[in-house]
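Participant:
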Amino acid sequence: MRRAQLVVVGGGPAGLSAAAVAAGLGAEVMLVDDNETLGGQLIKQTHKFFGDKGHYCGVRGVDIATILSERAGEHSVTVLSATSVVGLYPGKVLGLANGDSFRKLGFESLVIATGAAENSIPFPGNDLPGVYGAGAVQTLMNVYGVRPGRRVLMVGSGNIGVIVSYQLLQAGIDVAAVVEALPAVGGYHVHAAKLVRLGVPILTSHTVKAALGAESVTGAVICRVDGRFRPVAGTDRRLKVDTICVAVGLTPLAELLWQAGCRMFHVPELGGHVAWHDEYMETSQPGIFVAGDVSGIEEASTAMLEGRVAGARAWERLNRRTRESRDIIDSARLELGSIRKGPFGEKATCGKQRLAECVPA
Amino acid sequence: MPSRTSEPDGRLDRHPILTFVRGRRLRFFFNDRPVYGYEGETIAAALVANGVKVFRHTEKLKRARGFFCAVGKCSSCLMIVDGRPNTMVCTEPLRDGCRVEQQTGRGRLA
Ligand SMILES: Cc1cc2nc3c(=O)[nH]c(=O)nc-3n(C[C@H](O)[C@H](O)[C@H](O)COP(=O)(O)OP(=O)(O)OC[C@H]3O[C@@H](n4cnc5c(N)ncnc54)[C@H](O)[C@@H]3O)c2cc1C
Ligand code: FES
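Quick note, the sequences are listed as chains A and B, same order.
Residue numbering for the first sequence follows my numbering, starting at 1 and increasing by one per position.
Residue numbering for the second sequence follows my numbering, starting at 1001 and increasing by one per position.
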């Protein structure tokens, strides 16, 4: 069995940053990702990034993925793509599956940066073909250039909902409406305003009640909801759509952390169960680190910064503290702090605070 | 190269900010019917481009299922590929001549 000094699971912005930083400091790094192409969520993001702080502001997500992958390559990170980590066993061993083959890989230190999976919500017909996650719609149209449908109902007006709606319009696909159960739009106002300008109604205090159709979606029933999210009688409306896109949040992909025996806590602000971690991203299991969405749903800029902290700290644990490793950690933490003070950082800050107050026991 | 006019209209050919570089054109089979896709795509993407949405039917209630997450995380997209049931087609690369069939229930191993 092969054993690597540092294994990074997940090749999104968090994992790529962790791998590049650790390899740059001199660690022998293997990066495992289950896709053919590295970049995680970024490869389907065709819009320019937001924010006034992060250095990638104004760059398209898909281009950031290329830049990060190249950087990891320059630092000679060994990449195992199209490979899933399917288990974590005692004695610091990972199980890797690639097609029909299975093998083991040992590690001294581990960074888990597996990202998140999309949530769904319950309504009759939510299992019909034509009800798709927002990430799936993005993958189809932005990565493969395939039309997910002709007319779409978007459920959720958070950042993802408004961004994907706009991307649908860019691709020449109709968006019948965006429904949002809360009384106000959750996402970036710039994107929401663009939608309204293009004639897409954003219906707040509304939800999807049912998907219609026998073999696939042929329509949707929407209705108004009251302050406690209960449907208001007599407000049902039918929309003729062939696609219902659900953009209702993400849940951290934390299976490997459970298997590792990390202390887990449920923190709603972070999207679900997350591993307790210290300010250097180390979990309650020494030598096992987290970074990015798996440590709490946030955004790409914070994922990259957490990745840098985790990568540098993992290297320190294997070797020693140096001036260089400290500088990386200090500057990344400083930037994290300032991003989290921004308008969209409030929820995460609150969540991370709650997590820090939990005792890893 | 095949002419543009033969493209099924499930494909986006014009986009304001993206250009789609498609690989070699491949022929494959959906329920024994010949259809076309491109090297570098997943089976799911090629099927949707051909207007196919129903990938399988469930064991008990025979409910139709298509894909949901498109990233290999939800198991909604299981089909029979070259005789092998329960293949996750949203991550399975399209191969020249492969035979893709709708699956019913849990699938049977040959
Ligand atoms: C529609 C949308 C729009 C967004 N827009 C913005 C924006 O404008 N600005 C912004 O800052 N952020 C944005 N984000 C958020 C940002 O994309 C994510 O926060 C970021 O990608 C998280 O990075 P990550 O590295 O933690 O995870 P991911 O990017 O999800 O990467 C995780 C990787 O790990 C792989 N993986 C998971 N489990 C395993 C396993 N067991 N074995 C092997 N590999 C595994 C996954 O397949 C994936 O490739 C957006 C997200 C979405 C969905
Ligand atoms: S669509 Fe979710 S696993 Fe394929």
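Every residue, glycine too, gets a C-beta built ideally from N, C-alpha and C.
Being a predicted model, the structure only gives us computed values, none of them experimental.
1. Rank A:T46, A:N35, A:L195 and A:S165 by C-alpha distance to the C-alpha of A:V246 and give the top, closest one.
2. Do you know how far the Cα of B:V1052 is from the Cα of A:S331?
3. With a threshold of 7 angstroms (Cβ to nearest heavy atom), would A:D63 be considered close to ligand 1?
4. When you compare only the Cα positions, how much space is there between B:R1065 and B:G1107?
5. At a Cβ threshold of 8 angstroms, is A:V309 touching chain B?
6. Please specify which runs of the alpha helix (DSSP H), each continuous and at least 4 residues long, are wholly inside the segment 94 to 167 of chain A, giving them in chain order.
7. Look up A:A210 in the DSSP assignment and say whether it is helix, strand or coil.
8. Below 8 angstroms on the Cβ atoms is my contact criterion, and I expect A:M281 with A:R313 to pass it. Report the Cβ-Cβ distance as a whole number of Å.
9. Going by DSSP, name the residue or residues bridged to A:D174.
10. Tell me the DSSP secondary structure of A:K48 in three-state form.
11. Using a Cβ cut-off of 8 angstroms, which residues of the segment 163 to 186 of chain A contact any Cβ in chain B, in chain order?
12. Can you give me the C-alpha to C-alpha distance between A:P124 and A:G213, rounded to a whole angstrom?
13. So is A:K53 in contact with chain B if we call contact Cβ pairs under 8 angstroms?
14. Using 8 angstroms for Cβ pairs, my map puts A:I23 next to A:V29. What's the rounded Cβ distance?
15. Of the choices A:E279, A:M1 and A:N35, whose alpha-carbon is the least far from that of A:G12?
16. Would you mind sorting A:I121 into buried or exposed? The rule is 16 or more other CB atoms within 10 Å of its CB.
17. Which runs of the beta strand (DSSP E) fall wholly inside the segment 8 to 32 of chain A and span at least 3 residues, in chain order?
18. What does B:L1012 reach in chain A if we use C-beta pairs closer than 8 angstroms?
19. Once DSSP output is grouped into helix, strand and coil, what is the label at A:E70?
20. So is the beta-carbon of B:C1090 under 7 angstroms away from any non-hydrogen atom of ligand 4?
21. Just to confirm my understanding: we take A:G186, look at its own chain, exclude 5 residues before and 5 after, and list those with CB closer than 6 angstroms. What are they?
22. Determine whether the Cβ of B:P1016 lies closer than 8 angstroms to any Cβ atom of chain A.
23. Kindly indicate which three-state DSSP category A:I297 falls into: helix, strand or coil?
24. Going by DSSP, name the residue or residues bridged to A:I222.
25. Quick one: does the C-beta of A:E335 sit closer than 7 angstroms to a heavy atom of ligand 1?
26. Quick one: using the 10 Å Cβ neighbour count with 16 as the cut-off for buried, is B:T1091 buried or exposed?
27. Cβ closer than 7 angstroms: which chain B residues qualify as neighbours of A:L128?
28. Let me make sure I understand the geometry here. Which of A:A181, A:V196, A:A310 and A:C350 has the alpha-carbon closest to that of A:L169?
29. Alpha carbon to alpha carbon, how far is A:V86 from A:R103? Give it in angstroms, no decimals.
Facilitator: Per the coordinate set shown:
1. A:S165
2. 50 angstroms
3. Result no, Cβ not under 7 angstroms from ligand 1.
4. 14 angstroms
5. Output row for A:V309: interface = no.
6. 134 to 138
7. Secondary structure at A:A210: strand, using DSSP grouped into helix, strand and coil.
8. 6 angstroms
9. A:R151
10. strand
11. Q170, A171 and G172
12. Approximately 11 angstroms between the Cα atoms of the pair.
13. A caution first: A:K53 carries a pLDDT of 49, below 50, which makes its placement in the model unreliable, though a value can still be read off. Judged by the 8 angstroms Cβ criterion, A:K53 is not in contact with chain B.
14. Note that residue 23 of chain A is Ala in the sequence shown, not Ile. About 4 angstroms separates the two Cβ atoms, so the contact holds.
15. A:N35
16. exposed
17. 29 to 32
18. In chain order: M141, G145, V146, R147, A171 and G172.
19. helix
20. With respect to ligand 4, the structure shown offers nothing to examine, as its ligands consist of ligand 1 and ligand 2.
21. S157 and G158
22. yes
23. Secondary structure at A:I297: coil, using DSSP grouped into helix, strand and coil.
24. A:V208 and A:R237
25. no
26. buried
27. A1064
28. If we check each option's Cα against that of A:L169, A:V196 comes out closest.
29. 10 angstroms
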